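S.K.: Residue numbering for the sequence shown follows UniProt numbering, starting at 1 and increasing by one per position.
Ideal placement from N, C-alpha and C gives every residue a C-beta, glycine not left out.
Keep in mind the model is a prediction, meaning the values are calculated, not measured.
If you scroll down you'll find the structure; I have some questions about it.
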Amino acid sequence: MNERLAREHPDAQCELDFDSPLQLLVATVLSAQCTDARVNSVTPELFHTYPTAADYAASRREDLEAILRPLGFQRAKAGYLMGIGERLVSEFDGEVPQTVQELTSLPGVGRKSALVVLGDAFGVPGLTVDTHFSRLMQRLELTREKTPVKIERDIAKLIVKPEWTVFSHRVIFHGRRICHARNPECRNCVVRDLCPAALG
């Protein structure tokens, strides 16, 4: 399955635009309840205005909210970014930490966001279990679990660790483009013959 998805989606990668670990951390926090494309529409101005953790820590909430308004939930997201900036400055010398435990201690950062940052900014393998990943793994009957951590554990047994990050991107690409929640395009699916949901 992984080989077929690799051939089908050779360019699968993180679809958030970023040039540094801090930028990716910020973008992943903003992507909650929002599309990557919409996040990418506001981050050029955001990253230009706030290039460092210290800049987020010293920001004015209303200025951040004005930039973030197109994303929705701008009050909460502005608060997260200010809090992240403050914590990075006070506890991590302004740098993005490189462990799940430290990343998830930051405001607005869950396990999925932490694994995205580790995988795509630092090259640490991780399985990013979002709604697309969960749906595909359940349709393929590779897991019966419902929670992200348990799904992650099941799939980690099936995919070699160095492939975890890129496998996640391939699955998410496939979920966004072919295996939709409603009306999946099974006729165009390269793993259709492996999928009980398609054959069922």
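I need the boundaries of the alpha helix (DSSP H) containing D120, first residue and last residue.
M.R.: Where D120 is concerned, the enclosing alpha helix (DSSP H) stretches over R111 to A121.
S.K.: Round the Cβ separation of T52 and G110 to the nearest angstrom and send it over; I've been treating them as touching at under 8 Å.
M.R.: Going by Cβ atoms, the distance from T52 to G110 rounds to 23 Å, so no, they are not a contact pair.
S.K.: Pick out whichever of G126, A198, V166 and Q33 has its Cα sitting closest to the Cα of R7.
M.R.: Comparing Cα-Cα distances from R7 to each of G126, A198, V166 and Q33, the minimum goes to V166.
S.K.: Can you list, in chain order, the residues of its chain with a C-beta nearer than 6 Å to that of C179? Leave out the 5 residues immediately preceding and following it.
M.R.: So the qualifying residues of the chain are L136.
S.K.: Quick test of your reading: Q13 and F47, contact by CB under 8 Å. State the CB separation rounded to the nearest angstrom.
M.R.: With a Cβ gap of about 19 Å, Q13 and F47 do not count as contacting.
S.K.: Determine the burial state of I63: buried for a count of at least 16 other Cβ atoms within 10 Å of its Cβ, exposed for fewer.
M.R.: It should be noted that the sequence gives Asp, not Ile, for residue 63. Exposed, by the Cβ-count rule.
S.K.: Residue 248: buried (16+ other C-beta within 10 angstroms of its C-beta) or exposed?
M.R.: A question about residue 248 goes unanswered here, because the residues of the chain that appear run from 1 up to 200.
S.K.: Throw me the rounded Cβ distance for the H132 and H9 pair, which I believe falls under 8 Å.
M.R.: Contact flag wrong, Cβ pair sits at about 12 Å.
S.K.: Could you give the residue range of the alpha helix (DSSP H) that holds V149?
M.R.: Its alpha helix (DSSP H) spans residues P148 to A156.
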